[in-house]
Amino acid sequence: MASQNARADSLSLLLFTLRSGKLMAINLLKVSEIIPCPPLTKLPESHPHVKGVATLRGNSLSVIDLSRAIGERPLEDPQGGCLIVTDISRSKQGLHVQAVSKIVHCLSTDIKPPPYGSGSKSFITGVTRVDNTLVQVLDIEKVIHGIAPPAHEVLTSELSADDASLLAATNILVVDDSQVALQQSVHTLRSLGIECHTARSAKDAINTLLELQGTEQEINVVVSDIEMSEMDGYAFTRTLRDTPDFKHLYVLLHTSLDSAMNSEKARLAGANAVLTKFSSPDLTDCLIVAARAVAFAEG
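Okay, structure coming up:
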């Protein structure tokens with residue numbers, strides 16, 4: 000079950016720069032459009048990392064000063080640059096950047112984990128090389144979370160006794176290379192009275208599955224991000240399905256991308272379900288479905 004034998008998926012990255020000139024990247028599937036920076040309206044008492052609000056085809060769009068949000072120097076011309084309009088985790092926002100460079104195509108295996116020692120304050124989920132230049136992959140979930148943390152909506156009283164019992168009997172592994180996204184999922188589980196195992200990569204997840212195999216904590220439900228360095232969620236799912244000891248696992252792919260775009264790829268990879276981040280009630284409902292499926296299979 001070697002991770003290096005997993006089939007890699009291709010992805011497209013949009014490269015952009017901030018004032019420092021270093022190259023950063025974001026998954027192109029998270030980008031809805033790129034526009035010149037429009038006039039902005041500054042709202043009173045808004046977060047300091049929000050430059051203002053733009054009107055885009057009649058709709059309001061919050062514009063994030065990405066340089067400030069990740070601790071870099073502000074753009075030389077605060078009115079210049081352009082906006083990368085992103086559509087992730089059920090919301091749209093504009094990222095104000097210096098310039099967009101180009102689109103590159105690579106394999107998920109080309110994205111490596113952040114350098115050791117980059118620390119919890121890092122706003123990247125991985126690195127790669129383009130034309131021998133280091134490119135940092137932006138952790139956009141962490142940027143957004145720092146500005147507008149999601150409200151925690153789950154109440155344990157909402158669960159029936161039967162569902163609570165089923166969830167309590169389920170051993171869950173949450174896999175996500177974004178620390179913020181991982182914490183959101185763990186918080187939802189703990190609000191349900193469930194402790195879970197976690198991993199920051201598919202490789203670590205495989206090691207955890209192997210370590211717990213045959214114990215009382217043997218995993219039967221995996222909740223995995225799709226976008227991960229080295230091995231993405233699709234390749235991870237296929238690896239599980241190709242491994243006799245783990246082919247039975249219930250796999251929920253949990254992604255900041257629009258789940259409608261990924262449902263077919265998830266199905267072909269062998270996932271049981273796919274869900275767009277982040278809604279605690281929706282994640283809870285999906286976990287109840289998973290727990291019922293596990294109980295039925297084991298019964």
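Per numbering that gives the first Met the number 0, residue 0 is the first one in the sequence shown, and the count goes up by one each step.
Where a beta carbon is used, it is the ideal one built from N, C-alpha and C, also for glycine.
Please read all numbers here as calculations on a predicted model, not as lab measurements.
Notebook entry, point to check: Counting Cβ pairs closer than 8 Å, one from the stretch 39-55 and one from the stretch 259-278, do we hit at least three?
Noted result: Between the stretch 39-55 and the stretch 259-278, the count of C-beta pairs closer than 8 Å stays below three; the two stretches do not touch.
Checklist line | residue 279 classed as buried or exposed, judged by whether at least 16 other C-beta atoms fall within 10 angstroms | finding: buried
Item checked: residue 294 and residue 165 closer than 8 Å at C-beta -> yes
Note to self: Could you tell me the alpha carbon to alpha carbon distance between residue 233 and residue 225, rounded to whole angstroms?
What the structure shows: 6 Å
Next item on the list: Taking all protein chains shown into account, decide if residue 32 is buried (16 or more other Cβ within 10 angstroms of its Cβ) or exposed.
Entry: Within 10 angstroms of the beta-carbon of residue 32 lie fewer than 16 other beta-carbons, which makes it exposed.
Check: What's the gap between the Cα of residue 251 and the Cα of residue 245?
Finding: 14 Å
Next item on the list: Would you mind stating whether residue 216 and residue 271 have Cβ atoms separated by less than 8 Å?
Entry: no
Next item on the list: Tell me, please, which residues DSSP counts as bridged to residue 91.
Entry: 86
Notebook entry, point to check: In whole angstroms, what is the alpha-carbon distance linking residue 49 and residue 177?
Noted result: 22 Å
Check: Between the stretch 70-88 and the stretch 199-208, do three or more beta carbon pairs fall short of 8 Å?
Finding: no
Note to self: For chain D, check one thing: does any of its Cβ atoms lie closer than 8 Å to the Cβ of residue 22?
What the structure shows: Of the protein chains in this structure there is only one, and it is not chain D.
Checklist line | Buried/exposed call for residue 239, threshold 16 Cβ in 10 Å | finding: buried
Margin query: So the candidates are 184, 188 and 72; which of them puts its Cα closest to the Cα of residue 299?
Written below: Outside the modelled stretch of the chain, which goes from 0 to 298, sits residue 299, for which no answer is possible.
Margin query: Quick check: the Cα distance between residue 61 and residue 144, rounded to an integer number of angstroms?
Written below: Near 14 Å, if we compare the C-alpha coordinates of residue 144 and residue 61.
Margin query: Excluding the 5 residues flanking residue 56 on each side, which residues of the same chain have their C-beta closer than 8 Å to its C-beta?
Written below: none
Next item on the list: List the DSSP bridge partners of residue 303.
Entry: Nothing about residue 303 can be read from this structure; the chain reaches only from 0 to 298.
Notebook entry, point to check: In angstroms, rounded to a whole number, what distance separates the CA positions of residue 282 and residue 274?
Noted result: 8 Å
Note to self: Using only CA atoms, which one of 54, 77, 90 and 59 lies nearest to residue 65?
What the structure shows: Considering only 54, 77, 90 and 59, the residue with the shortest C-alpha distance to residue 65 is 77.
Next item on the list: Within the same chain, show all residues whose beta-carbon is closer than 6 Å to that of residue 198, passing over the 5 residues directly before and after it, in chain order.
Entry: 174, 204 and 207
Checklist line | Buried or exposed by the 16-neighbour rule on C-beta atoms within 10 Å, applied to residue 79 | finding: exposed
Checklist line | Exposed unless 16 or more other CB atoms sit within 10 angstroms - verdict on residue 70 | finding: Burial call: exposed.
Margin query: Once DSSP output is grouped into helix, strand and coil, what is the label at residue 241?
Written below: DSSP places residue 241 in the coil class of the three-state scheme, outside both helix and strand.
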